[in-house]
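Numbering (the numbering used here), first residue to last: 16 to 324. Built from N, CA and C at the ideal position, the CB exists for glycine as well.
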Ligand code: CP
Ligand code: NVA
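This is the structure:
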């Protein structure tokens, strides 16, 4: 079994295998209903346990459909109903039980440490469904969407990120290093990625550039990514942060500095970092992006359970 915790720890050839499998599976499901099962039910009899310590709409729904379409089933545990949350049971004991009742554990958590600890004690795969420091299933799926729309490997494209240096950007940075694509980041000076991430960038061969002007980040871009300025559980002065990002809003004027056929992606939910006109324009592919989570997460589940074709 294999965990799926951080993109930086997964070999790129495995990430590529996941993307290839997802493409095949998506093609083979044309005209299928949501709950129709893929040929050969590759995860028949398998149970995915899911737990969310933070809100979720897309990750929750897409993992539900993903395991169902592979022939398995899922159960969502509410953190406040487990002994673990009140400190009445250790992660180690909880992990033992999860491992004997389920076949994989998808966790959205407030704590990277907790994720690592589950990784240590579980004998079934743990999948990171968003942590304070990363959102790897989102970004792998976004690479799928970019390559699907652009019909080119991402290494041949210019990717821009305009927005906060958060969990989603950290995973995009890891992906840029793994898949070797150019990534230009636009954010205010005081909101650059943290030291650990900057060190990770420095230590690895990379094509990553950081600007404090949004225009410089998007010139020549094939794709512009963004995310909310205020993330879940972001403990900051919200009014100040929103004000600091005022000049980083993605509007039509900014889009014009990118390539003509540049697309806009956003993991959702959105705040006011993107203008309605851009969000609802033809260049915005956010609904296709959200849909693709199902396809890629199916292949992630197969990878974790060592059933990738
Ligand atoms: N993009 C994403 O992870 O959405 P949810 O928070 O709704 O799961
Ligand atoms: N950066 C956002 C992503 C939500 C999917 C957050 O952590 O809230």
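In or out: residue i buried (at least 16 other Cβ within 10 Å) or exposed?
i: residue 302; result: exposed
i: residue 316; result: buried
i: residue 311; result: buried
i: residue 173; result: buried
i: residue 102; result: exposed
i: residue 36; result: buried
i: residue 98; result: exposed
i: residue 104; result: exposed
i: residue 205; result: exposed
i: residue 179; result: buried
i: residue 339; result: Outside the modelled stretch of the chain, which goes from 16 to 324, sits residue 339, for which no answer is possible.
i: residue 324; result: exposed
i: residue 217; result: exposed
i: residue 185; result: buried
i: residue 252; result: exposed
Straight-line CA distance for residue i to residue j?
i: residue 50; j: residue 299; result: 27 Å
i: residue 379; j: residue 148; result: In this structure the chain extends from 16 to 324, so residue 379 is not present and cannot be described.
i: residue 212; j: residue 106; result: 27 Å
i: residue 255; j: residue 264; result: 15 Å
i: residue 234; j: residue 181; result: 22 Å
i: residue 297; j: residue 243; result: 21 Å
i: residue 26; j: residue 250; result: 33 Å
i: residue 150; j: residue 48; result: 28 Å
i: residue 94; j: residue 275; result: 46 Å
i: residue 90; j: residue 145; result: 18 Å
i: residue 38; j: residue 321; result: 18 Å
i: residue 159; j: residue 199; result: 19 Å
i: residue 71; j: residue 177; result: 23 Å
i: residue 195; j: residue 223; result: 9 Å
i: residue 29; j: residue 154; result: 15 Å
i: residue 202; j: residue 260; result: 8 Å
i: residue 114; j: residue 130; result: 15 Å
i: residue 248; j: residue 68; result: 11 Å
i: residue 56; j: residue 82; result: 10 Å
i: residue 45; j: residue 289; result: 32 Å
i: residue 77; j: residue 209; result: 30 Å
i: residue 270; j: residue 31; result: 30 Å
Taking residue i and residue j to be in contact with their CB atoms under 8 Å, please state how far apart those CB atoms are, rounded to whole angstroms.
i: residue 318; j: residue 33; result: 5 Å
i: residue 189; j: residue 58; result: The pair is not a contact, with the Cβ atoms about 27 Å apart (cut-off 8 Å).
i: residue 232; j: residue 305; result: That pair is no contact at about 24 Å.
i: residue 12; j: residue 272; result: The question about residue 12 has no answer, for the chain in this structure spans 16 to 324.
i: residue 92; j: residue 66; result: 5 Å
i: residue 281; j: residue 134; result: Actually they are not in contact, since the Cβ atoms of residue 281 and residue 134 sit about 29 Å apart, beyond 8 Å.
i: residue 156; j: residue 258; result: The Cβ separation is near 32 Å, so there is no contact.
i: residue 43; j: residue 61; result: Between residue 61 and residue 43 the Cβ distance is about 20 Å, and since that is not below 8 Å, they are no contact.
i: residue 314; j: residue 75; result: Wrong, their Cβ atoms sit about 18 Å apart, outside the cutoff.
i: residue 121; j: residue 80; result: That belief does not hold up - the Cβ atoms of residue 121 and residue 80 are roughly 13 Å apart, past 8 Å.
i: residue 192; j: residue 219; result: 5 Å
Length at least 3, wholly inside the segment 121–180: the beta strand (DSSP E) runs in chain order
Segments of the beta strand (DSSP E) lying fully in the segment 121–180: 141–143 and 173–177.
For the segment 123–142 and the segment 162–169, state whether three or more C-beta atom pairs, one from each stretch, are separated by less than 8 Å.
no
Entirely enclosed alpha helix (DSSP H) segments - the segment 241–268, minimum 4 residues
253–259
Take every Cβ of the segment 234–241, pair it with every Cβ of the segment 125–134, and state whether three or more of those distances are shorter than 8 Å.
no
Identify every run of the alpha helix (DSSP H) within the segment 48–122, keeping only runs that are complete inside it and at least 4 residues long; order them along the chain.
73–84 and 106–116
Please specify which runs of the alpha helix (DSSP H), each continuous and at least 4 residues long, are wholly inside the segment 180–206, giving them in chain order.
Fully enclosed alpha helix (DSSP H) runs of no fewer than 4 residues occupy 182–194 of the segment 180–206, in order along the chain.
Could you tell me which uninterrupted alpha helix (DSSP H) segments, each at least 4 residues in length, are contained entirely in the segment 210–234, listed from first to last along the chain?
210–218 and 229–233
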